[in-house]
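Heads up, the thing below is written out as structure tokens.
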Amino acid sequence: MTSQFENHLRAVLDLPLGAPDLLAPYAVMVNIVGQDVDGLPPLHTALRHVLARDPGLRVHLYGKEIRPRRKLGHVTVVGDDVQVLLERAHHAADYLSGAIDE
Numbered sequence: 079m080t081s082q083f084e085n086h087l088r089a090v091l092d093l094p095l096g097a098p099d100l101l102a103p104y105a106v107m108v109n110i111v112g113q114d115v116d117g118l119p120p121l122h123t124a125l126r127h128v129l130a131r132d133p134g135l136r137v138h139l140y141g142k143e144i145r146p147r148r149k150l151g152h153v154t155v156v157g158d159d160v161q162v163l164l165e166r167a168h169h170a171a172d173y174l175s176g177a178i179d180e
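Counting from 79, one number per residue, gives the positions in the sequence shown under the numbering used here.
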């Protein structure tokens with residue numbers, strides 16, 4: 079599989095393009111939105127928990143200060159069952175944002 083970024087470089091450098099094959103039939107992305115931070119564990123603690131619980135997740139944090147309703151990043155997951163992917167991504171995003179504590 080060749081990423082969009084790599085294929086862009088290949089095109090600019092006049093190299094043959096790579097195959098943009100899919101990793102899986104479905105991909106789900108869910109935003110991580112900040113909540114009230116009082117009493118929440120540090121974000122890195124929550125991140126370690128989420129990744130240990132579900133190593134197939136990809137978490138992208140934007141390095142922003144945590145504030146209510148502010149987009150802090152997103153969770154991406156790929157696989158074969160879109161309903162399962164939605165549940166996994168929403169659970170991780172909700173935990174990271176502090177909306178749930180399991």
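No residue lacks a Cβ here, since even glycine has one placed at the ideal position from N, Cα and C.
Computed from a predicted model, the values in this text were never measured in an experiment.
Its Cα nearest to that of ALA102, the residue GLY134 stands out among HIS169, GLY134 and LEU91.
With 16 or more other Cβ atoms from the protein chains shown falling within 10 Å of its own Cβ, LEU174 counts as buried.
If you look at LEU150, you'll find it in the beta strand (DSSP E) that goes 149-157. Scanning VAL156, VAL160, LEU164 and TYR140 for the CA closest to the CA of VAL111 turns up TYR140. Shown here for VAL160: same chain residues with a beta carbon closer than 8 Å to its own, the five before and five after excluded, namely TYR104 and VAL106 in chain order.
Secondary structure note for TYR173: its alpha helix (DSSP H) is the uninterrupted segment 160-175. The three-state reading of DSSP puts ALA102 in coil, since its state is none of H, G, I, E or B. For LEU139, the enclosing beta strand (DSSP E) has its first and last residue at 136-139.
For the options LEU164, ASP158, MET79 and ILE144, the alpha carbon positioned closest to that of HIS122 is the one of ILE144.
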